[in-house]
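FYI, our numbering numbers position 35 of the sequence shown as 40, with every residue one higher than the one before it. Here a beta-carbon is modelled for each residue, glycine too, at the ideal position from N, C-alpha and C. Structure first, then comments.
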Amino acid sequence: MSEGAVVLDASAVLALVWAEPGANVVMGELPGALITSVNFAEVLTKLSDKGWQVDAAAEAILSLGVIPVDFSNDHAMLAAQMRHVTKSAGLSLGDRACLSLGQQLRAKVLTADLAWLKVRDALGIDVVAIRQPRS
């Protein structure tokens, strides 16, 4: 499953939904990109905050070909082990949930959060920023 796998952070999915810079990068990985159930919940929560019905938001995301993956005990352990590396970059549990799936699958991980670039080498994860840093 890991050959060519792509994992999406909540920020990448939201960039696509809101047609923000980098949306084209995310669209290029669909259908078939993965998202942890934790990050899927983040996306649905953000969309709900903007007035979307949760079931309609879920249907919209799933119709794009995004595939939710259950957050397992193994992912939880990986996410916890990453804390010492990611703390200084300010990464959240949701961020580490996404990275844990990417690490487990040896997948490319897409995010709009440029802070992740600070830890990708230390974690050995192929993190791709969907937009360029502002100059």
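Contact set for residue i: own chain, Cβ-Cβ below 7 Å, skip 5 residues either direction
i: Val-48; result: Ala-15, Val-18, Leu-19, Ile-66
i: Ile-130; result: Leu-104, Gly-107, Gln-108, Val-114
Cβ neighbour criterion (16 or more within 10 Å) applied to residue i
i: Val-43; result: buried
i: Met-6; result: Residue confidence is low: Met-6 scores 43 on pLDDT, short of 50, so the model does not pin down where it sits. No coordinate-derived value is stated.
i: Val-107; result: It should be pointed out that residue 107 corresponds to Gly in this sequence rather than to Val. By the 10 Å Cβ count, Gly-107 comes out buried.
i: Asp-60; result: exposed
i: Asp-118; result: buried
i: Glu-34; result: buried
i: Asp-79; result: exposed
i: Gly-27; result: buried
i: Asp-54; result: exposed
i: Asp-100; result: buried
i: Met-87; result: buried
i: Ala-62; result: buried
Beta-bridge partners of residue i, as assigned by DSSP
i: Leu-13; result: Leu-115
i: Ile-72; result: Leu-39
Contact under 7 Å by Cβ, residue i with residue j
i: Ala-102; j: Thr-41; result: yes
i: Val-132; j: Val-114; result: yes
i: Ala-10; j: Leu-104; result: no
i: Val-12; j: Ala-112; result: yes
Range of the contiguous beta strand (DSSP E) that encloses residue i
i: Asp-131; result: 131-134
Residues near residue i in its chain [Cβ-Cβ closer than 6 Å; skip 5 each side]
i: Val-22; result: none
i: Arg-94; result: Arg is not the amino acid found at residue 94; the sequence shown has Ala there. Taken in chain order, the residues that qualify are Ala-120, Lys-123, Val-124.
i: Val-30; result: Ile-135
i: Phe-45; result: Pro-73
Span of the alpha helix (DSSP H), counted from its first residue to its last, around residue i
i: Leu-104; result: 98-110
i: Gln-137; result: Where Gln-137 is concerned, there is no enclosing alpha helix (DSSP H), given that its DSSP letter is neither H nor E.
i: Val-30; result: 28-32
i: Ala-94; result: Per DSSP, Ala-94 belongs to no alpha helix (DSSP H) and is neither H nor E.
i: Leu-128; result: 125-128
Own chain partners of residue i with C-beta closer than 8 Å, once the 5 adjacent residues on each side are dropped
i: Gly-70; result: Leu-35, Pro-36, Gly-37, Ala-38
i: Leu-98; result: Val-43, Ala-84
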